[in-house]
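Report on the following structure.
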Amino acid sequence: MKSTGSEQGAALDGFPSDLDELDSGSEESSDNKSTGGGYSPQGGGREGARQRERGCSRRLQGVSKQRQAANARERDRTHSVNTAFTALRTLIPTEPADRKLSKIETLRLASSYISHLANVLLLGDECLDGQPCLRYHSILQSSANINSSSPPLRPICTFCLSNQRKTVSPQNKSVYIG
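Each residue of the sequence shown is one higher than the one before, starting from 1 at the first, in full-length UniProt numbering.
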């Protein structure tokens with residue numbers, strides 16, 4: 001069976017068939033040889049386009065795997081940070097006790113609580129009113145001998161205020177809860 005003119009240039013696999021190479025009298029056969037129709041080592045034509053697509057998809061798969069790995073690392077990091085915040089929230093006293101703090105509230109209260117505990121350690125038994133931060137601030141001011149026309153600002157410590165509320169009963173009677 002003789003092949004038609006359009007089929008002579010390339011076989012099904014894109015390479016010239018042996019019969020086409022032997023038939024040097026056909027114009028299409030010589031055109032295919034000179035222009036590289038069907039298969040081109042430079043990646044031109046249909047086969048080259050398929051090879052470029054495969055190469056591109058391999059690169060995309062590589063990028064996709066990298067992206068998935070980066071996403072997994074980010075999920076692990078986020079989980080680790082959230083676990084640390086949860087642990088920190090359990091150490092900070094809040095009112096009400098079951099109040100869920102935001103991350104920024106947690107950090108601010110943790111800083112304040114550390115400062116409060118440092119003042120408790122510095123003053124020790126000297127502070128029986130449950131407000132070591134106010135007492136420590138007044139000690140610092142008196143030792144600095146600051147002469148200014150305006151009254152000194154009182155620091156606000158959430159934990160000292162909480163202790164103050166606990167020590168004052170609803171009838172405004174001072175009761176110390178130790």
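Using N, Cα and C, we set each Cβ at its ideal position, and we do this for glycine too.
Looking at L91 and A110, is the spacing between their C-beta atoms short of 9 Å?
yes
CA-CA distance, residue 253 and S80?
Since the first and last residues shown for the chain are 1 and 178, residue 253 lies out of range.
If you check the beta carbons only, do T94 and L88 fall under 9 Å apart?
no
Straight-line CA distance for L66 to Y113?
A quick correction: the sequence has Gln, not Leu, at residue 66. Near 42 Å, if we compare the C-alpha coordinates of Y113 and Q66.
Which of the three DSSP states is assigned to I104 in this structure?
helix
Which of helix, strand or coil does DSSP assign to C157?
coil
Can you tell me whether T106 is buried or exposed, with buried defined as 16 or more other CB within 10 angstroms of its CB?
buried
Euclidean distance between Cα positions of A69 and L121
47 Å
CA nearest to the CA of N82, picked from A97, R99, K103, R73
K103
Given this structure, state the Cα-to-Cα distance separating A84 from R73, to the nearest angstrom.
17 Å
DSSP state of I92 mapped onto helix, strand, coil:
coil
Do you know offhand how far R99's Cα is from T86's?
12 Å
Do you know how far the Cα of L123 is from the Cα of residue 262?
This structure does not reach residue 262, given that the chain is present from 1 up to 178, and the question cannot be answered.
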